[in-house]
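So the sequence lines, in the order shown, correspond to chains A and B. Position 208 (the first sequence) corresponds to 570 in my numbering; numbering is contiguous. Position 198 (the second sequence) corresponds to 560 in my numbering; numbering is contiguous. Even for Gly, the Cβ is constructed at its ideal location relative to N, Cα and C. Shown next, in structure tokens, is the structure this report addresses.
Number of protein chains: 2
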Amino acid sequence: MTRPLTQTEENYLKAIYKANEKTKAAVNTNTIAAYMKTSAASVTDMMKKLAQKDLVIYERYKGARLSPTGSKTATSVIRKHRLWETFLVQKLGFSWEEVHEIAEELEHINSDKLITKLDEYLGFPKYDPHGDPIPSADGKFMLREQMILSQLDVDESGILVGVKNHETSFLSHLNNLNIALGTSILIKERSGFDKSLKVSVSKGAEVVLTDMVAKNLLIRKS
Amino acid sequence: MTRPLTQTEENYLKAIYKANEKTKAAVNTNTIAAYMKTSAASVTDMMKKLAQKDLVIYERYKGARLSPTGSKTATSVIRKHRLWETFLVQKLGFSWEEVHEIAEELEHINSDKLITKLDEYLGFPKYDPHGDPIPSADGKFMLREQMILSQLDVDESGILVGVKNHETSFLSHLNNLNIALGTSILIKERSGFDKSLKVSVSKGAEVVLTDMVAKNLLIRKS
DNA sequence: ATATATTTTTAGACAACCCTAAAAATATCT
DNA sequence: AGATATTTTTAGGGTTGTCTAAAAATATAT
Numbered sequence: 363m364t365r366p367l368t369q370t371e372e373n374y375l376k377a378i379y380k381a382n383e384k385t386k387a388a389v390n391t392n393t394i395a396a397y398m399k400t401s402a403a404s405v406t407d408m409m410k411k412l413a414q415k416d417l418v419i420y421e422r423y424k425g426a427r428l429s430p431t432g433s434k435t436a437t438s439v440i441r442k443h444r445l446w447e448t449f450l451v452q453k454l455g456f457s458w459e460e461v462h463e464i465a466e467e468l469e470h471i472n473s474d475k476l477i478t479k480l481d482e483y484l485g486f487p488k489y490d491p492h493g494d495p496i497p498s499a500d501g502k503f504m505l506r507e508q509m510i511l512s513q514l515d516v517d518e519s520g521i522l523v524g525v526k527n528h529e530t531s532f533l534s535h536l537n538n539l540n541i542a543l544g545t546s547i548l549i550k551e552r553s554g555f556d557k558s559l560k561v562s563v564s565k566g567a568e569v570v571l572t573d574m575v576a577k578n579l580l581i582r583k584s
Numbered sequence: 363m364t365r366p367l368t369q370t371e372e373n374y375l376k377a378i379y380k381a382n383e384k385t386k387a388a389v390n391t392n393t394i395a396a397y398m399k400t401s402a403a404s405v406t407d408m409m410k411k412l413a414q415k416d417l418v419i420y421e422r423y424k425g426a427r428l429s430p431t432g433s434k435t436a437t438s439v440i441r442k443h444r445l446w447e448t449f450l451v452q453k454l455g456f457s458w459e460e461v462h463e464i465a466e467e468l469e470h471i472n473s474d475k476l477i478t479k480l481d482e483y484l485g486f487p488k489y490d491p492h493g494d495p496i497p498s499a500d501g502k503f504m505l506r507e508q509m510i511l512s513q514l515d516v517d518e519s520g521i522l523v524g525v526k527n528h529e530t531s532f533l534s535h536l537n538n539l540n541i542a543l544g545t546s547i548l549i550k551e552r553s554g555f556d557k558s559l560k561v562s563v564s565k566g567a568e569v570v571l572t573d574m575v576a577k578n579l580l581i582r583k584s
């Protein structure tokens, strides 16, 4: 009788997943606490519990990594999150900065059939409204060539395929600049002083992007 | 700082709502316990808590009724449940006996905007896939003339507009008989012995309905 | 390498929701 | 009305997930 995980447990797994996506090294207690906006003590408690359920590999004072099962679970939650975000934007007409919070709730709904049907209904999307890849049912991510806008040279151009920052304020800022997924961006000038870029957006309006913005834009060179 | 209700609290309110829909009288502790599949002791605890939050009017040993706020909340949860059921059937292609459980989870997602947009996406449906009325955002139900199939006389006919029983087994039974919402049913014969009915379905096949089935079919006379 | 700072764990406690068993209140029967 | 049966509440306790404060382990600095 393996009972389903609680939302909290799923969120811890997701936090660990996101924290070590690249490194695969063990994640600190404090790092998890920051992700979860909770205390280190609570994290320790939860790591013991998740380790006992074989979802996490945990050594005291050394941090935690996901077990294969834990990793599969985390990926499945991310899949659900991104499919729901896609639904909210494509079908219900939400804008990309509104959907994260709602999807944080929807991702915990428990029904494989629901997700299978939702995926089908959406036409098996490979990327969500922020350009993040949607893992397939067996946990595989679609990878793509991408680079950060700040790495482009003057006179080079790219198409926006993703964003590294998902905060509402950042996404709204892009809305104001008329920058969305698929928008083409051509670098016109780079300031030697603060690295800010003058770019032309969709072969039209010229706008200035601070380096802080440019660092968060993922593009495919065009 | 009114924090949102927990799923459990919402489910208790829904249970009280359903238990006294007609009578409006106070609901027994044991009745609520049966609905919630929990112990009477737990119900007493919860009633104290809900009374303290002004969601329920509760007198010890006398049972509970919903306060205006409690009633509004219960109605809103029912609205969400029925809209999600409609979505699952109409958009994702679920069959009517599969959707209740999933909607039990979806009904607790917290976003007014989500429900507003879902309602619009579905074309402001007035009835869910079981024929139950979907309350409007301000809590009003669309009422309709309806009667129970067993009340019809021989040679009278009606259109199925709802079902009183929502169990999977009952709904599957209707599927097997080719009876769905909108199906027209004409009474051909009534047995004097066990009140079973011989009916013709959609002006075609003749089938026999036991009284137990006929009692659970809501029809509009045609 | 020893002291200091940081990180992590343990200890003890609280809130939400659940339980069983016993006590109290109410209802029913004769 | 008195006895019995039923319903409801109280008492005491368990689990999950949270917290703060103190103790223990590890890392850093001089």
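- CA-CA distance, glutamine 414 of chain B to glutamate 371 of chain B, rounds to 12 Å.
- Within its own chain, no residue has a Cβ closer than 7 Å to the Cβ of lysine 502 of chain A once the five positions on either side in sequence are excluded.
- For tyrosine 420 of chain A, the enclosing beta strand (DSSP E) starts and ends at 418–421.
- Counting along the chain, glycine 520 of chain B sits inside the beta strand (DSSP E) bounded by residues 519–525.
- Proximity of chain B to asparagine 390 of chain A at the Cβ level (cut-off 8 Å) is not reached, the minimal Cβ distance being about 30 Å.
- Taking C-alpha positions only, glutamate 460 of chain A is separated from threonine 530 of chain A by approximately 7 Å.
- Of the candidates B:Gly520, B:Leu454, B:Met408, the residue whose Cα lies closest to the Cα of isoleucine 394 of chain B is B:Met408.
- Per DSSP, the beta bridge partners of leucine 548 of chain B are B:Ser519, B:Ser562.
- Comparing C-alpha distances from tyrosine 379 of chain B to each of B:Arg365, B:Thr400, B:Arg441 shows the shortest one belongs to B:Arg441.
- Residue burial is scored here from C-beta neighbours: glycine 485 of chain A has fewer than 16 other C-beta atoms within 10 angstroms and is therefore classed as exposed.
- Excluding five sequence positions before and after glutamate 568 of chain A, the CB atoms of its chain that fall closer than 8 Å to its own CB belong to Lys550, Lys560, Val561, Ser562, given in chain order.
- Taking the CA atoms as reference points, serine 404 of chain A sits about 18 Å from leucine 428 of chain A.
- Under DSSP, the beta-bridge partners assigned to methionine 509 of chain B are B:Ile581.
- CA-CA distance, valine 523 of chain B to phenylalanine 555 of chain B, rounds to 28 Å.
- Straight across, the Cα-Cα distance linking lysine 583 of chain A with arginine 444 of chain A is about 25 Å.
- Remark: three or more beta-carbon pairs, one from each stretch, lie closer than 8 Å, so the segment 466–480 of chain A and the segment 458–472 of chain B are flagged as touching.
- Residues of the segment 433–460 of chain A with a Cβ closer than 9 Å to any Cβ of chain B, in chain order: Leu450, Lys453, Leu454, Gly455, Phe456, Glu460.
- For the C-beta of serine 473 of chain A, the chain B residues within less than 7 Å are, from N- to C-terminus, Ile464.
- In this structure, leucine 505 of chain B lies away from isoleucine 581 of chain B, with their beta-carbon atoms at least 9 Å apart.
- The C-alpha of glutamate 518 of chain B is placed about 15 Å away from the C-alpha of serine 558 of chain B.
- Assignment of leucine 543 of chain A by DSSP, reduced to helix, strand and coil, places it in the coil class.
- DSSP places glycine 425 of chain A in the uninterrupted beta strand (DSSP E) bounded by 425–428.
- In the same chain as leucine 548 of chain A, and ignoring 5 residues on each side of it, the C-beta atoms closer than 7 Å to its own belong to Ser519, Val561, Ser562, in chain order.
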